[in-house]
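Working notes, beginning with the structure itself.
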Ligand SMILES: [Zn+2]
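In my numbering, the protein residues as written are 13 to 95.
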């Protein structure tokens, strides 16, 4: 099957692991603070608030990345799967 317009493949948020893409939990993604992958709206919001409070968003994000590799223990967001 060939279709002229392929929908963009969903990617996983670097912060919480949800799928990001049209039709998924987060329709739009933003580049991660360090440019490695993308983050969803919730994570972006959380990180920017954390930065305002004087925390290092990159440090937070890297902690989340570690969690994603070992489970979903301490991420502030529910892991949700669509489809
Ligand atoms: Zn996220």
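All C-beta atoms in this analysis are idealised placements derived from N, C-alpha and C, irrespective of residue type, glycine included.
Query: Closer than 7 Å: residue 54 CB and nearest ligand 3 heavy atom; Result: Only ligand 1 can be found as ligands here, which leaves ligand 3 out of the picture.
Query: Alpha-carbon to alpha-carbon, residue 58 and residue 40; Result: 15 Å
Query: Per-residue burial, residue 129 [other beta carbons within 10 Å of its own, 16 or more giving buried]; Result: Because the chain is modelled from 13 through 95, residue 129 falls outside the range shown and cannot be assessed.
Query: Cβ-heavy atom distance, residue 33 to ligand 1, below 7 Å; Result: no
Query: Contact under 8 Å by Cβ, residue 44 with residue 80; Result: no
Query: As assigned by DSSP and simplified to three states, the class of residue 73; Result: helix
Query: Under 8 Å between C-beta atoms of residue 42 and residue 51; Result: yes
Query: Local conformation of residue 31 per DSSP, three classes; Result: strand
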